[in-house]
Amino acid sequence: MRYTLRYKLHDFDLAQGEFVVGRAVTCELSLDDPMVSRAHAKLSVTPEQILLEDLASRNGVKVNGERIQGARKLEHGDQVVIGSQEMVLLIRREAAADTLVQPPPDRGASFGLLGALADKALGLGRGDEAERLIGQQLEQVLADAESGCAVSPDHIERATDYALRIASFTQNARWTDFIFRLYSALRRPCAASVVDQLYTVLRKVQRPTPQALRTYLGVLRALDLGPADRFLVNRIEGLERLIGAR
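Residue numbers (my numbering): 1 to 246.
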């Protein structure tokens with residue numbers, strides 16, 4: 001197995017041995033965060049597993065929203081919070097294809113506790129809070145799809161729904177672009193219901209740009225599609241005209 005810790009825009013490959021996270025500059029990952037202790041947590045890596053341990057930190061360590069006690073074995077896609085910093089563990093098999101190990105179906109379908117918290121935030125109209133809670137997991141779904149890894153249909157559906165709702169509340173074009181990039185990677189039209197919602201949401205987002213949509217349309221036009229899917233492509237082309245008219 002190969003283990004990678006994804007933090008913000010950086011991926012840290014975890015070699016066998018210990019990987020300490022904390023505020024001290026001597027840590028393998030040094031975090032500039034007052035909520036982080038000098039030596040906050042330790043990752044112990046072996047070929048068979050990876051363990052996360054709280055080093056008696058002041059504010060504790062959370063995995064998928066739950067504060068851990070003692071050492072905790074990590075799985076692919078686990079979200080780790082140290083202080084106020086969020087990171088995700090990725091696990092790859094040592095093989096020529098180097099495919100990602102997939103998370104259990106129930107966790108993929110539900111997005112875990114953070115997904116439930118994001119649902120509550122969206123129910124209260126707090127799009128910014130939902131974006132903070134679930135944004136990193138959504139980006140992981142996109143990264144998996146763009147790298148050719150299998151992503152469950154339920155996971156895709158939930159990620160699309162979150163992106164639409166967050167875009168509607170935050171008016172951030174990042175999340176409509178997210179949908180175009182996701183379905184570009186999947187190489188298929190999105191559902192008619194998603195297209196309907198995009199017509200509404202794109203009228204709300206600020207400064208939408210056509211680049212991601214144009215790339216998506218290029219992918220779709222290169223496919224051999226049936227009549228129903230060609231009709232969907234025509235409707236998606238209308239989104240480009242909608243953006244151009246704004």
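Quick reminder that beta carbons are idealized off the backbone N, C-alpha and C, glycines included.
Use the C-beta contact count for residue i: other C-beta atoms within 10 angstroms, 16 or more gives buried, fewer gives exposed.
i           : result
residue 192 : exposed
residue 199 : exposed
residue 26  : exposed
residue 86  : buried
residue 158 : buried
residue 106 : Reliability of the predicted coordinates at residue 106 is poor, the pLDDT of 37 falling under 50, and the value obtained from them is presented with this limitation in mind. Result: exposed.
residue 41  : buried
Which of the three DSSP states, helix, strand or coil, is assigned to residue i?
i           : result
residue 55  : coil
residue 102 : Note that residue 102 scores 45 on pLDDT, short of 50, meaning its location in the model is unreliable and no value can be drawn from it.
residue 5   : strand
residue 92  : strand
residue 242 : helix
residue 110 : Reliability of the predicted coordinates at residue 110 is poor, the pLDDT of 46 falling under 50, and no value is obtained from them.
residue 141 : helix
residue 10  : strand
residue 68  : coil
residue 28  : coil
residue 97  : Below a pLDDT of 50, predicted positions are generally treated as unreliable, and residue 97, at 42, falls in that range; the measurement from the model is reported next regardless. Note: residue 97 maps to coil in three-state DSSP.
residue 43  : strand
residue 36  : coil
residue 22  : strand
residue 135 : helix
residue 75  : coil
Do the CB positions of residue i and residue j come within less than 8 Å of each other?
i           : j           : result
residue 175 : residue 167 : yes
residue 15  : residue 63  : no
residue 253 : residue 116 : For the chain, the structure presents residues 1 to 246; residue 253 sits outside this window and is missing.
residue 181 : residue 90  : no
residue 83  : residue 31  : yes
residue 163 : residue 205 : no
residue 223 : residue 178 : no
residue 243 : residue 208 : yes
How many angstroms separate the CA atom of residue i from the CA atom of residue j?
i           : j           : result
residue 70  : residue 118 : 27 Å
residue 233 : residue 221 : 8 Å
residue 210 : residue 241 : 9 Å
residue 114 : residue 235 : 33 Å
residue 20  : residue 38  : 10 Å
residue 10  : residue 227 : 43 Å
residue 219 : residue 229 : 13 Å
residue 8   : residue 143 : 13 Å
residue 123 : residue 214 : 32 Å
Open item on the list: So within the segment 164-223, which uninterrupted alpha helix (DSSP H) runs reach at least 4 residues, ignoring any that extend past its ends?
Closed with: 174-186, 192-201, 211-221
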